[in-house]
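All remarks here apply to the structure that follows.
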Amino acid sequence: MAIDWLTGNFYFEDNVDDRIFVCNVDGQTCVTLLDQELYNPKGIALDPLMGKVFFTDYGQTPKVERCDMDGQNRTKLVESKIVFPHGITLDLVNRLVYWADAYLDYIEVMDYEGKNRHTIIQGLLIEHLYGLTMFENYLYATNSDEGNLNHAKTSVIRVNRFNSSDFTVVTRVDRSAALHVYHQRRQPPVPPKLSSLLCPINTVFFHQLL
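Everything in the sequence shown is counted per this note's numbering, starting at 20 for the first residue and increasing by one.
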């Protein structure tokens with residue numbers, strides 16, 4: 020799930036019915052954002068300042084995609100060297116997209132247009148990555164120990180996104196997947212020129228989605 024801190028709307032994926040939904044702040048009004056060409060949607064991240072939604076999907080065609088916050092202008096950003104894309108997070112200042120592949124065991128990055136793609140870290144240290152988030156210079160991810168079925172644990176790892184050798188296991192917990200950092204620095208304020216354009220889902224934005 021991802022929250023638009025400017026309007027209070029929240030976005031989430033249903034990987035049973037293969038849809039992405041958006042709801043207003045109290046959850047009383049929800050509409051389908053996307054329901055076509057989704058096979059197993061997993062991770063989702065928002066840039067409310069740019070009005071963009073980024074999400075991962077694996078199934079018949081694994082991919083990382085982008086669309087507007089009303090579901091329009093859907094664009095495929097990654098379709099190659101990708102198998103089980105899962106967690107996804109954004110650098111809102113530099114407009115970068117980070118995502119994790121739970122099969123190829125990597126964290127990669129690209130810009131909002133899908134260009135300048137490169138690997139941050141890959142290998143045995145980060146097998147079965149699922150959740151992914153960012154705070155300042157670091158990426159945080161959940162690393163599932165699927166090889167031990169009787170005592171499966173999840174490691175929360177930290178890696179410097181500019182220097183992949185700076186790798187640390189922060190803690191180990193019982194099975195977990197999602198991971199989020201909530202902090203004021205992760206939620207830039209809206210510029211004054213844009214503040215009048217923001218609408219909660221139960222007004223103009225809701226009707227646009229219908």
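Every residue, glycine too, gets a C-beta built ideally from N, C-alpha and C.
Note that the structure is a prediction, hence the values are computed from the model and not measured.
Counting other Cβ atoms within 10 Å of its Cβ, Asn43 reaches 16 or more and is therefore classed as buried. Take the alpha-carbon of Leu52 and the one of Ala64: they are about 14 Å apart.
For Trp118, the uninterrupted beta strand (DSSP E) segment begins and ends at 115-120. Counting C-beta pairs with one atom in each stretch, the segment 73-80 and the segment 97-117 have three or more that are closer than 8 Å, which means they touch. The distance from the Cβ of Leu198 to that of Val175 is about 7 Å, consistent with a contact at the 8 Å cut-off. CA-CA distance, Ile22 to Val83, rounds to 19 Å. Remark: C-beta atoms of Thr161 and Gly150 approach each other more closely than 8 Å. The beta carbon of Asp66 sits closer than 7 Å to the beta carbons of Leu109, Leu111 from its chain, once the five residues preceding and following it are set aside; these are given in chain order.
In the assembly as shown, Tyr58 is an exposed residue. Its beta-carbon has fewer than 16 other beta-carbons within 10 Å. A straight-line Cα-Cα distance of about 30 Å links Pro60 and Ser184. Secondary structure note for Phe29: its beta strand (DSSP E) is the uninterrupted segment 29-33. In terms of CA proximity to Pro207, Phe154 leads the group Asp54, Val102, Ile126, Phe154. Annotated three-state conformation of Arg180 is coil, per DSSP. With 16 or more other CB atoms across the displayed protein chains lying within 10 angstroms of its CB, Tyr159 is buried. Minimum Cα-Cα distance from Val35 among the listed residues Gly46, Gly27, Asp54 corresponds to Asp54.
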